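Engineer: Please read through the structure below; I'll follow up with questions.
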Amino acid sequence: MSSAVASAAGDGDGDIHVLMFPFLAFGHISPFVQLARKLVANGVRVTLLSAAANVPRVEAMLGFSSAAAVAVVPLQLPRVAGLPEGAESTAEVSADGAELLKIALDGTRPQVAALLAELRPDAVLFDFATPWITDITAPLGVKALHFSVFAAVVRAYLMVPARRVNGSLPSTADELASGPAGFPPSSALLGTVPPYQAAGFKYVYTAFHGMPCVYDRVVAGIEACDALVVKTCAEMEGAYIDYLAAQFGKPVLVTGLVVPDPPQGELEEPWATWLSTFPDNAAVFASFGSETFLPAAAATELLLGLEASKRPFLAVLNFPRGADVEAELRKCVPPGFEERVKGRGAVHTGWVQQQHILRHASVGCFVNHAGLSSVVEGLVAGCRLVLLPMKGDQYLNAALAARELRVGVEVARRGLDGWFGAEDVAAAVAEAETDVGCGEGKKWVEFLMDAAVQKRFVDDFIAGLKDLVKA
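Numbering follows my numbering, in which position 79 of the sequence shown is assigned residue number 114; successive positions increment by one, without gaps.
Pasting the structure below:
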């Protein structure tokens, strides 16, 4: 027995033991880690599985106190043809490589079965990619819970049984331009999904390398599990939570939107000094996460729009792994741009301290891709949100944030292909400053930052988990 497994096994006494099994993408691992930290702080024992190469980063994400309480157990990924050797997260591969990682994760099934038989946790929280875990947990009497790291609206719109009509899944954008049967009539999405977004949703129903598509993995996992867990709350997405419960006939537990802890340390140079040269709330920060990449033409319009906003700005542009960063950046930056914005605008590639930047006094607006974690980070930092989603779940997050919660402004896009111009970016930045654009932001910040609310989220989730385990 390895030291990690021995630590996970514990002494068999005390509070419940939860095993977590996220997909091999840090956008998925991070919400599992955030929830793990909340659980161990409230007496729940947690074991987390991930590919061996990811373990050091996962332990760093947990932080010193939580890392001591959470056992992170490494899995050995099998070799998969076409998957680069040593690649164990989506951050290291292309889009096709991400599909191959699902095959590699399927190949860990014997290891996972052996670990579950040895550890006998009370419950397993698993991600979308591994519905087969329910075949292992059921004979052991271990409760299996599908943990969706997405907003409830994403599962509700795309991944419910009602999407299968007469035995067939959607295959055209037209079929995805409207909600599934019974979709909440109060939703701001009804009748508003443009063709370019509907076309992007087809990925969910597309199979790669002869393996099940995302929809099939998700629905199989939820239908076979004991409960669905969603990173949301009834106050924000009550109608979608109720719809999911009705569609699957399963209990739905919510974790609340897990608010990140304040960042440790100080903002590094040169950004600390440079941002401090601007007035409070004057600057715009634009960033799209580590795995969302703007096409060169779109990045150019973004930069021109930030220039046209007349505000100071820091724009972070990243590119797929293996790209020639300097060459790609040259494609994005318009002629004469650097000279025109000198002193008030900066373009950066690579990692930055996003939470530190968002909380800097001079930063008042956050242009982002509407990834759920980014929306929450920007909101609790007190920034106005400008939303420029580029794919799948981001489109639905943006609609929820802008049209229902009214905490952000969507950049206007051409319906057929999603094109936007510099003037659309500048207009969205200006609108975000008004109560029309982000009028409910303060209300939701106060709600999410309320310690009593966050405690209630955790207490209610743990109570529901314990009731499920006892059932």
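Even glycine gets a Cβ: it sits at the ideal position worked out from N, Cα and C.
None of these values were measured; they are calculated from a predicted model.
(1) Within 10 Å of its beta-carbon, does K505 have 16 or more other beta-carbons around it, so buried, or fewer, so exposed?
(2) For L352, which option in D494, R346, A362, S101 has the closest C-alpha, if you only look at C-alpha atoms?
(3) Roughly how many angstroms separate the alpha carbons of S221 and A274, rounded to a whole number?
(4) Pick out whichever of A60, V75, F99, G98 has its Cα sitting closest to the Cα of A86.
(5) Within 10 Å of its beta-carbon, does A484 have 16 or more other beta-carbons around it, so buried, or fewer, so exposed?
(6) For T290, write down the residues that DSSP places opposite it in a beta bridge.
(7) Ends of the alpha helix (DSSP H) at N403?
(8) Under 7 Å, do I249 and V239 count as touching if we go by C-beta distance?
(9) If you follow the alpha helix (DSSP H) that S409 is part of, which residue opens it and which one closes it?
(10) Per the DSSP calculation, P109 is bridged to which residue(s)?
(11) Are the beta-carbon atoms belonging to V402 and A457 less than 7 Å from one another?
(12) Hey, could you find the ends of the beta strand (DSSP E) L118 is sitting in?
(13) Quick one: is F56 buried, meaning 16 or more other Cβ sit within 10 Å of its Cβ, or exposed?
(14) Report yes or no: do the segment 251-265 and the segment 459-466 share at least 3 C-beta pairs separated by less than 8 Å?
(15) In angstroms, rounded to a whole number, what distance separates the CA positions of V421 and V460?
(16) Give the straight-line distance between the Cα atoms of A437 and S344, rounded to the nearest whole angstrom.
(17) Does H391 come out as helix, strand or coil in the three-state DSSP assignment?
(18) For A116 and T125, which I take to be in contact (beta-carbon distance under 8 Å), what is that distance rounded to the nearest angstrom?
(19) Let me know the secondary structure DSSP gives L500 once reduced to three states.
(20) Taking Cβ positions, are L112 and V68 nearer each other than 7 Å?
(21) Which residue from G406, P205, K137 puts its Cα closest to that of T165?
(22) Report buried or exposed for G47, applying the criterion of at least 16 other Cβ atoms within 10 angstroms of its Cβ.
(23) Please check the pair I276 and V293, which I expect to be a contact at CB under 8 Å, by giving their CB distance rounded to whole angstroms.
(24) What's the gap between the Cα of I51 and the Cα of T384?
Structural biologist: In this structure, then:
(1) Within the sequence shown, the letter at position 470 stands for residue 505. Under this definition K505 is an exposed residue.
(2) To locate residue 352, count along the sequence shown from 1; it is residue 317. L352 has its Cα closest to that of A362, out of D494, R346, A362, S101.
(3) Locating residue 221 in the sequence shown gives position 186, where the first residue counts as 1. Locating residue 274 in the sequence shown gives position 239, where the first residue counts as 1. Near 8 Å, if we compare the C-alpha coordinates of A274 and S221.
(4) Taking the sequence shown and counting its residues from 1, one reaches residue 86 at position 51. It is A60.
(5) As a position in the sequence shown, residue 484 is number 449, starting the count at 1. A small correction: the amino acid at residue 484 is Met; Ala does not occupy that position in the sequence shown. With fewer than 16 Cβ atoms within 10 Å of its Cβ, M484 is classed as exposed.
(6) As a first step, residue 290 must be located in the sequence shown, where it is residue number 255. None, per the DSSP bridge assignment.
(7) Residue numbering aside, residue 403 sits at position 368 when the sequence shown is read from its first letter. Segment 398-403 is the beta strand (DSSP E) holding N403; no alpha helix (DSSP H) there.
(8) Within the sequence shown, residue 249 is the residue found at index 214, counting from 1. Within the sequence shown, residue 239 is the residue found at index 204, counting from 1. In the sequence as displayed, the identity of residue 249 is Val instead of Ile. The answer is yes: Cβ separation under 7 Å.
(9) Counting from one through the sequence shown, the residue named residue 409 turns up at place 374. Looking at the DSSP string, the run of the alpha helix (DSSP H) that includes S409 is 407-415.
(10) In the sequence shown, the residue the question calls residue 109 occupies position 74. DSSP output for P109 lists S85 as bridge partner(s).
(11) The residue labelled residue 402 in the question sits at position 367 within the sequence shown. The residue labelled residue 457 in the question sits at position 422 within the sequence shown. No, they are not a contact pair.
(12) Here residue 118 refers to the residue found at position 83 of the sequence shown. Where L118 is concerned, there is no enclosing beta strand (DSSP E), given that its DSSP letter is neither H nor E.
(13) For the purposes of this step, residue 56 is taken as the residue at position 21 of the sequence shown. F56 comes out buried.
(14) These segments do not touch.
(15) The residue given as residue 421 occupies position 386 in the sequence shown. The residue given as residue 460 occupies position 425 in the sequence shown. If you take the alpha carbons of V421 and V460, they lie about 8 Å apart.
(16) Reading the sequence shown from its first residue, position 402 is the one you call residue 437. Reading the sequence shown from its first residue, position 309 is the one you call residue 344. Looking at the two C-alpha atoms, the distance is approximately 20 Å.
(17) For the purposes of this step, residue 391 is taken as residue 356 along the sequence shown, with counting starting at 1. H391: helix per DSSP, three-state reduction.
(18) Reading the sequence shown from its first residue, position 81 is the one you call residue 116. Reading the sequence shown from its first residue, position 90 is the one you call residue 125. With 8 Å as the limit, A116 and T125 do not qualify as a contact, their Cβ atoms being about 18 Å apart.
(19) Within the sequence shown, the letter at position 465 stands for residue 500. The answer is helix: DSSP assigns L500 an H, G or I state.
(20) Translated into the one-based positions of the sequence shown, residue 112 becomes position 77. Translated into the one-based positions of the sequence shown, residue 68 becomes position 33. Against a cut-off of 7 Å, the Cβ pair of V68 and L112 comes out as no contact.
(21) Position 130 of the sequence shown, counted from the start, is the residue given in the question as residue 165. Of G406, P205, K137, the residue nearest in Cα terms is K137.
(22) As a working note, residue 47 is residue 12 in the sequence shown. Because G47 sits at a pLDDT of 45, beneath the cut-off of 50, its placement in the model cannot be relied upon, and the following sentence gives the value as read from the coordinates. Exposed, by the Cβ-count rule.
(23) Here residue 276 is taken as the residue at index 241 of the sequence shown, counted from 1. Here residue 293 is taken as the residue at index 258 of the sequence shown, counted from 1. About 16 Å; that fails the 8 Å criterion.
(24) Taking the sequence shown and counting its residues from 1, the one referred to as residue 51 is at position 16. Taking the sequence shown and counting its residues from 1, the one referred to as residue 384 is at position 349. Cα-Cα distance, rounded: 43 Å.
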